[in-house]
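In this text, residue positions in the sequence shown follow my numbering: the first is 12, and each later residue adds one.
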Amino acid sequence: MSQSSLLDDLVIQINGEPEIKATAEQAHEAGKHMRWVPNPGPQTDAYLSEADVLLYGGQAGGGKSHLMLGCGFNECDVGIIFRRELTQTDGLEADGKKIAGFENWNGQDHEWTLDGGRSLKLAGMREPDSWMGHAGRERDFYGYDEAGEFLEKQVASLFAWLRAPPGKRTRVVLASNPPRSSDGYWVIDWFGPWLDPGHPLFPTEPGELLWAVYLSAPVANQPGKMAWVEGPGEYEIEGETYTSRSYTFIPASLEDNPYRNTPEYRSQLQNLPEPLRSQLLKGDFQAGLQDQAYQVIPSAWAQAAQQRWTPDPPDGIPMCALGVDPSGGGVDDMVIAPRYDSYFAELVKIEGKSLPAEKLSTHAAGLVISERRDGALPVVDMGGGYGGGIYNHLSDNEIETLAYKGAEATPRRSNDRKFGFWNTRAAAYWGLREALDPDQSGGSKIALPPDKRLLAGLCAPAYEITSRGIKITTKSKNEGGSKGIVEMLGWSPNEADAVVMAWWSGPRMATHASEWIDGQKGVRRAKQMRGMQPKVVMGHSNVRRKQ
């Protein structure tokens with residue numbers, strides 16, 4: 012009888028048969044060769060899961076860390092378990108010594124040497140690029156404790172060294188409570204069929220295997236995407252051949268861990284403030300994120316704006332502006348954010364590699380023209396050197412265009428007139444914050460498309476008050492621009508920047524309502540929004556993608 016079927020039988024007997032003594036003897040016999048034996052229930056399901064990539068978690072106290080240690084001690088030849096910081100591995104070290112002993116622990120290398128030359132190491136990845144220090148070493152097991160605290164690129168990058176000899180299993184175990192900051196949004200993206208009500212494969216049963224290909228972005232500062240496929244095997248996607256991996260999610264429950272399910276521990280979780288209480292006590296992956304100190308745009312405000320969104324813009328409101336975040340071609344995606352007063356349409360994303368290098372600016376300008384309606388004002392980001400050509404081509408077509416220069420000074424002040432701003436970027440982000448504020452008179456009317464990368468990008472910046480006014484920073488690096496946010500997220504916040512620019516300028520209901528009203532037709536364009544028909548309309552629909 013295989014170990015898998017034997018343990019399954021034991022679980023059934025423990026749950027349904029009174030002969031506990033006989034069952035215990037069988038369990039002892041089955042597990043005597045194992046350094047660690049999982050608790051009956053979800054922990055056993057997770058241990059025996061055949062998924063290449065497993066997310067095990069939800070509630071606090073569900074035995075997540077022990078699962079990774081057990082997988083490492085029992086199964087792997089060369090394994091490693093990460094925490095975001097090495098100092099956070101002290102709990103794993105203490106628990107591991109209880110399982111594997113002290114004598115084979117190397118405190119300098121933070122590594123156990125096991126029988127047969129096997130090993131299990133503990134490590135941290137504090138900085139965004141710390142994964143590079145672990146690249147090049149083939150391992151058959153990766154564990155990530157509190158996976159929601161890692162950046163997507165840290166986890167995805169090391170997949171390249173997940174290898175083993177033929178016939179030897181490889182696996183990745185992500186053990187995590189629900190993510191508490193925008194750093195961990197990728198967890199919900201990767202496991203959307205189980206966690207995201209808006210995912211087309213939701214709700215998938217816990218433990219059910221689904222196959223996917225992780226498509227890496229062409230450059231390091233962009234997130235990848237999951238392509239869900241029919242099953243195991245090779246798939247050709249965008250001209251490249253990929254081998255699929257199996258994924259699943261198994262929820263961890265405090266009730267399933269007899270060692271932690273105590274009245275005292277439960278009481279501690281029950282007395283936590285929201286949303287932390289729902290995240291740790293209930294394992295709710297949809298509970299609100301824990302904002303960083305001095306976060307410019309509170310997560311709850313941005314999420315509420317996405318909940319107000321509908322697929323169609325409001326009747327009678329013309330397109331007012333388009334935020335344009337350019338691409339250098341092959342570096343980042345180009346993003347266009349159309350705005351109809353306080354309603355933002357679905358973002359238009361164009362892969363940078365699809366933009367022709369020899370006529371990049373002309374082609375990008377044509378993309379803007381094709382998306383433009385009602386004489387809307389294009390607001391083009393001039394940072395990075397890619398926006399200048401777009402601006403010139405639009406102006407040559409007699410299209411009024413605003414050159415957005417985020418690093419330049421601005422005379423604008425906050426709505427309450429208390430603060431100035433370090434630069435235009437700070438003023439633009441703060442302006443959107445004010446528009447999203449639910450406590451303003453009449454509440455917020457902003458409606459944002461349900462784009463997770465947009466949400467993460469909007470929630471990434473923090474701020475500080477300086478003698479020059481409000482300055483944009485990040486929790487990982489003090490930066491006035493987007494560089495620090497790229498390091499924090501692991502990718503460029505193109506979507507957020509495009510939305511912020513679209514709100515920065517252009518007509519709004521508060522200033523142009525009278526010019527939109529027409530007694531016979533209901534709506535007419537404002538004089539300021541009347542423009543020449545574009546002189547150039549380029550054939551580019553085949554390279555546009557919407558997400």
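Built from N, CA and C at the ideal position, the CB exists for glycine as well.
| query | result |
| --- | --- |
| Alpha carbon to alpha carbon, how far is V359 from I347? | 5 Å |
| In whole angstroms, what is the alpha-carbon distance linking T484 and A458? | 25 Å |
| Just the Cα atoms here: how many angstroms apart are K293 and G68? | Note that K293 has pLDDT 48, beneath the 50 cutoff, so the model's placement of it is unreliable and no number is given. |
| Could you tell me the alpha carbon to alpha carbon distance between D151 and S130, rounded to whole angstroms? | 11 Å |
| Might you give, ordered along the chain, the residues of its own chain that have their beta carbon closer than 6 Å to the beta carbon of A438, omitting 5 neighbours on each side? | T421, R423, F432 |
| My assumption, with CB atoms under 8 Å, is that I401 sits in contact with P337. Please give the rounded CB distance. | 6 Å |
| Grouping DSSP H, G and I as helix and E and B as strand, with all else coil, what is W320? | coil |
| When DSSP labels each residue in this structure, what does Q119 get in the three-state scheme? | coil |
| To which residues of the same chain is R479 closer than 6 Å at the C-beta, ignoring the five residues directly before and after it? | W433 |
| Given this structure, state the Cα-to-Cα distance separating L226 from V198, to the nearest angstrom. | 15 Å |
| Give me the Cα-Cα distance between C331 and G417, rounded to the nearest whole angstrom. | 20 Å |
| Specify, as a first and last residue, the run of the beta strand (DSSP E) that A420 falls within. | Unbroken run through A420: none, as it is neither H nor E. |
| Thinking just about the alpha-carbon of each residue, which of H77, S60, A521, P472 is nearest to the one in Y258? | S60 |
| Can you round the beta-carbon distance between A263 and P53 to whole angstroms, since I take them to be within the 8 Å contact cut? | 6 Å |
| Which of the three DSSP states is assigned to K488 in this structure? | Its pLDDT being 37, under 50, K488 is placed unreliably by the model, and nothing is read from it. |
| List the endpoints of the continuous beta strand (DSSP E) containing Y351. | 345-351 |
| With DSSP as the reference, label M559 as helix, strand or coil. | Within the shown structure, residues of the chain are numbered from 12 to 558, placing residue 559 beyond reach of any answer. |
| Where does R120 land, buried or exposed, given buried means 16+ other C-beta within 10 angstroms? | The sequence as given places Asp at residue 120; Arg does not occur at that position. Looking at its Cβ environment, which holds fewer than 16 other Cβ atoms inside 10 Å, D120 is exposed. |
| Using alpha carbons as the reference points, say which of G90, Y440, K429 lies closest to R182. | G90 |
| Could you pull the DSSP bridge partners for D88 from this structure? | None; D88 has no bridge partner. |
| When you compare only the Cα positions, how much space is there between G399 and M393? | 6 Å |
| Per DSSP, R4 is paired with what? | The structure shown does not extend to residue 4, since the chain spans only 12 to 558, so no value can be given for it. |
| If you check the beta carbons only, do G135 and R191 fall under 8 Å apart? | no |
| Compute the distance between the beta-carbons of L333 and E409, then report whether it is under 8 Å. | no |
| Given that a residue counts as buried once 16 or more other Cβ atoms are within 10 Å of its Cβ, and exposed if not, what is T55? | buried |
| Out of G218, R180, E475, G386, state which residue places its alpha-carbon closest to the alpha-carbon of A304. | E475 |
| Work out the CA separation of P177 and T254 for me, nearest whole Å. | 16 Å |
| Is the Cβ-Cβ distance between A509 and V335 less than 8 Å? | yes |
| Please report the Cβ distance between W201 and L169, rounded to the nearest whole angstrom; I am assuming they are in contact, meaning their Cβ atoms lie under 8 Å. | Not a contact, Cβ separation roughly 14 Å. |
| Going straight from the alpha carbon of Q165 to that of W172, what length do you get? | 13 Å |
| What is the DSSP secondary structure of Y305, reduced to helix, strand or coil? | coil |
| Reducing DSSP to helix, strand and coil, say where R46 ends up. | coil |
| Can you say whether N117 is buried or exposed, counting buried as having 16 or more other CB atoms within 10 angstroms of its CB? | exposed |
| DSSP state of I380, grouped into three classes? | helix |
| What three-state label does DSSP hand A471 in the structure shown? | coil |
| Using the C-alpha atoms, what's the distance from Y155 back to A186? | 6 Å |
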